[in-house]
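Student: Sharing a structure below in structure tokens format, with a few things to ask.
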Amino acid sequence: MIIKDLIELCPVEEIVSEILLMCGVDESEREEISRNHTAFINNLKKKTPIDTGYVVLGITYMDEGKEYMDASLFEKCELQEFFKQQNPLPDRSSLDTLALEKIMQLLSQLRVPENYGFEPSPWEEILGYEVDPQNVTKVGAAKLSAAVIYDMTFWGFTEEEVLAERKKLEDTAADIERVRTLPAEEQKKYFKTANEIFPELKLEDDRTEAQKEQERLESAKEILKNRLRTLETLKAYSKSYIGSIR
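Take the sequence shown: its letters are residues 35 to 280, numbered as in this note's numbering.
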């Protein structure tokens, strides 16, 4: 099963409805945004998918206490190697009682494979990404379709808009690599530290040390919980993936 199959599995209006929920669209904008996404989805159905050896898994993450659906992209060959090294996972229910030091220790031990962004990818490639039927059943076909299409349209509804943004990203990456080849003193002309940026933006941190420590703890807990959700989803996928290559 691939992304194109997933999108064709759902009524267009269900996918669009999920996208509107994700975006938190104002009532005055709903009609135009619905129309744009409906046309976009119908256009995708005319395209021919390309297999690139990637898989998309729907994972529900936390961001500052709020849950959201992420269409997470993994490279299947990398997963094949990763599955050979899987270790038992800690119990997620006990995480809220852990101290910051223990959480940081677990984070250093729990390795996860690369989760790639696909916003600038050609649409035919995205349509060819594999999806896991069991994962689709768990998270919902319309929700996962909406998460994929939300990322696909992040920079616009035309391939020309996406291509232009991809070019900007490539140029920026090339500039950064060029700067990194310069001597350390020269690099300082291009990069700024947080301590340098804060005064320029007139930002002041008036939190107490206790508040900072508590926020570090809450942030670390959320990162750890999200990492465990990734590993749990990959563990479930590994059962069907390993079975398919035997």
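We treat Cβ as the ideally placed atom computed from N, Cα and C, and that holds for glycine. Please read these numbers as outputs of a predicted model, since none were measured by experiment.
Residue ranges of each alpha helix (DSSP H) run of no fewer than 4 residues wholly in the segment 86-132, ordered along the chain?
Tutor: Taking only runs of at least 4 residues, the alpha helix (DSSP H) segments lying wholly in the segment 86-132 are 110-117.
Student: If I follow the unbroken alpha helix (DSSP H) through N76, where does it start and stop?
Tutor: 64-78 is the extent of the alpha helix (DSSP H) around N76.
Student: By Cβ distance below 7 angstroms, which residues in the same chain neighbour T184 in space, the five residues on each side in sequence not counted?
Tutor: A quick correction: the sequence has Tyr, not Thr, at residue 184. Within the same chain, Y184 has close Cβ partners I53, M56.
Student: Report the residue ranges of all alpha helix (DSSP H) runs contained in full by the segment 165-230; include only those spanning at least 4 residues, in chain order.
Tutor: Correct list: 167-173, 175-186, 193-214, 218-221.
Student: Among the residues of its own chain, which have a CB less than 7 angstroms from the CB of E199, if the five just before and after it don't count?
Tutor: So the qualifying residues of the chain are P154, W189.
Student: So, under 8 angstroms CB-CB, K259 and M96 are touching, yes? Tell me the CB distance rounded to an integer number of Å.
Tutor: Confirmed, about 6 angstroms.
Student: Provide the residue span of the alpha helix (DSSP H) that contains L235, from first to last.
Tutor: From DSSP, L235 is part of no alpha helix (DSSP H); its letter is neither H nor E.
Student: Does DSSP classify R280 as helix, strand or coil?
Tutor: Unreliable positioning characterises R280 in this predicted model, as indicated by a pLDDT of 43, which lies under 50. The coordinate reading is nonetheless provided below. Coil.
Student: How should G99 be labelled, buried or exposed, when 16 other C-beta atoms within 10 angstroms of its C-beta is the threshold for buried?
Tutor: The residue is exposed, with fewer than 16 neighbouring Cβ atoms inside 10 Å.
Student: L251 to R126, Cα distance in whole Å?
Tutor: When rounded, the distance between both Cα atoms is 16 angstroms.
Student: Might you give, ordered along the chain, the residues of its own chain that have their beta carbon closer than 8 angstroms to the beta carbon of K81, omitting 5 neighbours on each side?
Tutor: Excluding residues within five positions, the ones whose Cβ falls inside 8 angstroms are K38, W157, E158, L161.
Student: Where does Y271 sit, in a helix, a strand or coil, going by DSSP?
Tutor: Helix, per DSSP.
Student: Roughly how far, in whole angstroms, is the beta-carbon of H71 from the beta-carbon of V90, given that I think they are within contact range, below 8 angstroms?
Tutor: About 18 angstroms; that fails the 8 angstroms criterion.
Student: Is I84 helix, strand or coil when you go by DSSP?
Tutor: In the structure shown, I84 sits in coil (DSSP, three-state: anything other than H, G, I, E or B).
Student: Compute the minimum distance between the beta carbon of R145 and the heavy atoms of the ligand SAH, and state whether it is under 7 angstroms.
Tutor: No copy of the ligand SAH occurs in the structure displayed, which carries no ligand at all.
Student: Note down, in chain order, each residue of its chain lying with its Cβ closer than 8 angstroms to the Cβ of D110, except the 5 sequence neighbours on either side.
Tutor: Per the sequence shown, residue 110 should be read as Lys rather than Asp. Excluding residues within five positions, the ones whose Cβ falls inside 8 angstroms are G87, Y88, V89, E164, Y275.
Student: In angstroms with no decimal places, state the Cα-to-Cα distance between I5 and K273.
Tutor: Past the edges of the chain, shown from 35 to 280, lies residue 5, and the structure says nothing about it.
Student: Could you spell out where the alpha helix (DSSP H) holding V59 opens and where it closes?
Tutor: Looking at the DSSP string, V59 is not in any alpha helix (DSSP H), and its letter there is neither H nor E.
Student: For I137, does the count of other Cβ atoms within 10 angstroms reach 16, so buried, or fall short, so exposed?
Tutor: Result: buried.
Student: If I measure Cβ to Cβ from A105 and keep anything under 7 angstroms in the same chain, skipping five residues before and after, which residues do I get?
Tutor: If we look at A105 and ignore the five residues flanking it on each side, its Cβ neighbours are V90, G92, L178, A181, V182, D185.
Student: Closest to V46 by CA distance: which of Q120, N77, V146 is it?
Tutor: Ranking Q120, N77, V146 by Cα distance to V46 puts N77 first.
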